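> Quick one: structure below, then a few questions.
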Amino acid sequence: MMKELAIRKVGGIVAENFKTAKVFTQYGIDFCCKGGISVSDACEKNGVELSSILADLEQIVVQPEEVHYKDFGLSQLIDHIVTKHHSYVEETIPALKIYLPKLAAVHGGRHPELFAVAQEFLLAADALTTHMKKEELVLFPYIKAMEEADSSGFSLSQAHFGHINNPIAMMEHEHDTEGERFRKIAALTDGYTCPPDGCQTYKVAFAMLKEFEEDLHTHIHLENNILFPKAVNLYQKLNA
1 MMKELAIRKV GGIVAENFKT AKVFTQYGID FCCKGGISVS DACEKNGVEL
51 SSILADLEQI VVQPEEVHYK DFGLSQLIDH IVTKHHSYVE ETIPALKIYL
101 PKLAAVHGGR HPELFAVAQE FLLAADALTT HMKKEELVLF PYIKAMEEAD
151 SSGFSLSQAH FGHINNPIAM MEHEHDTEGE RFRKIAALTD GYTCPPDGCQ
201 TYKVAFAMLK EFEEDLHTHI HLENNILFPK AVNLYQKLNA
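Taken in order, the sequence shown gives residues 1 to 240; the numbers are from the UniProt record's numbering.
Right, here's the structure in full:
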């Protein structure tokens with residue numbers, strides 16, 4: 001597998017699986033204008049360790065397993081959300097922050113909507129980064145503490161935010177805001193459709209935006225429809 005990847009063209013790999021674009025970007029390899037060379041040649045030209053990039057490329061596609069999230073405990077579900085969805089957002093934002101302004105600069109004359117797309121995504125990136133930190137530092141630790149108190153039989157002191165509905169309502173409001181923002185981005189891009197004159201970076205950026213929105217939908221679903229209702233029920237039980 002690794003030997004086959006080494007001799008394949010960089011641009012061809014990205015065209016087949018857009019997720020590999022993040023790996024090439026991470027290593028400073030141009031998959032767009034200079035994507036017509038093999039991975040091994042690109043590594044030699046850019047001073048990149050071939051074995052490292054091949055290992056990252058091999059692991060880029062992971063087959064999803066069927067998971068029943070409703071059966072998860074609160075702590076288990078929180079760990080999954082942070083490890084999979086929060087990490088995905090943190091890892092994907094830097095690449096899109098590079099691609100989208102670049103697209104606007106190069107193609108904005110013919111496709112002026114790209115400036116609005118870049119601006120909306122930058123706003124979403126900042127908002128989601130702050131949002132996730134609030135969850136990780138305030139709400140999620142308290143939910144875990146509630147679960148621990150329930151299992152151990154110990155009492156739990158009142159949180160500084162009062163009733164747990166208060167931070168949950170704030171998180172749900174922010175979910176709505178970002179969901180609406182991505183509906184706007186989808187409309188601006190005609191459902192993430194790359195125009196006929198779009199380059200490889202154009203295709204990759206739109207594919208990544210589409211995946212980003214899909215992941216955000218799953219992320220919000222797990223919190224709004226599973227985690228938060230369970231947390232409220234436990235809060236009511238502990239405070240009965």
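Quick reminder that beta carbons are idealized off the backbone N, C-alpha and C, glycines included. Computed from a predicted structure; not experimentally measured.
For Ala205, report the span of its alpha helix (DSSP H) as first-last.
200-221
> Just to confirm, is the Cβ distance from Phe24 to Met208 under 8 Å?
no
> Is it buried or exposed, Thr193, if we count other Cβ atoms within 10 angstroms and call 16 or more buried?
exposed
> Rounded to the nearest angstrom, how far is the Cβ of Gln200 from that of Ala15, given a contact under 8 Å?
7 Å
> CB-CB under 7 Å to Ser159, same chain, minus the five flanking residues each way: which ones, in chain order?
For clarity, residue 159 is Ala in the given sequence; the question names Ser instead. Same-chain partners within the cutoff: Tyr142.
> Are the segment 3-12 and the segment 27-39 touching by the rule of at least three beta carbon pairs closer than 8 Å?
yes
> Is the segment 64-80 touching the segment 161-168, taking contact as three or more C-beta pairs under 8 Å?
no
> Helix, strand or coil, according to DSSP, for Ser157 in the structure here?
coil
> Based on the DSSP secondary-structure assignment, which residues constitute the bridge partners of Ser38?
DSSP output for Ser38 lists Lys9 as bridge partner(s).
> Is DSSP giving Glu49 helix, strand or coil here?
When secondary structure is reduced to three states using DSSP, Glu49 falls in the coil class, being assigned neither helix nor strand.
> Take the Cβ of Lys22 as the centre, count every other Cβ of all protein chains shown within 10 Å, and call the residue buried at 16 or more, exposed below.
The residue is buried, with at least 16 neighbouring Cβ atoms inside 10 Å.
> Mind checking Leu54: buried by the 16 CB within 10 Å criterion, or exposed?
buried
> For Thr129 and Glu223, I'd like the C-alpha separation in whole angstroms.
16 Å
> Is Phe140 helix, strand or coil when you go by DSSP?
helix
> Classify Glu148: buried if its beta carbon has 16 or more other beta carbons within 10 angstroms, exposed otherwise.
exposed
> Since Arg183 is in the alpha helix (DSSP H), which residue starts that stretch and which ends it?
165-188
> Counting C-beta neighbours from all protein chains within 10 Å, is the total for His219 16 or more, i.e. buried, or is it exposed?
buried
> Taking 8 Å as the cut-off, does the segment 41-56 touch the segment 172-192 (at least 3 CB pairs, one atom from each stretch)?
no
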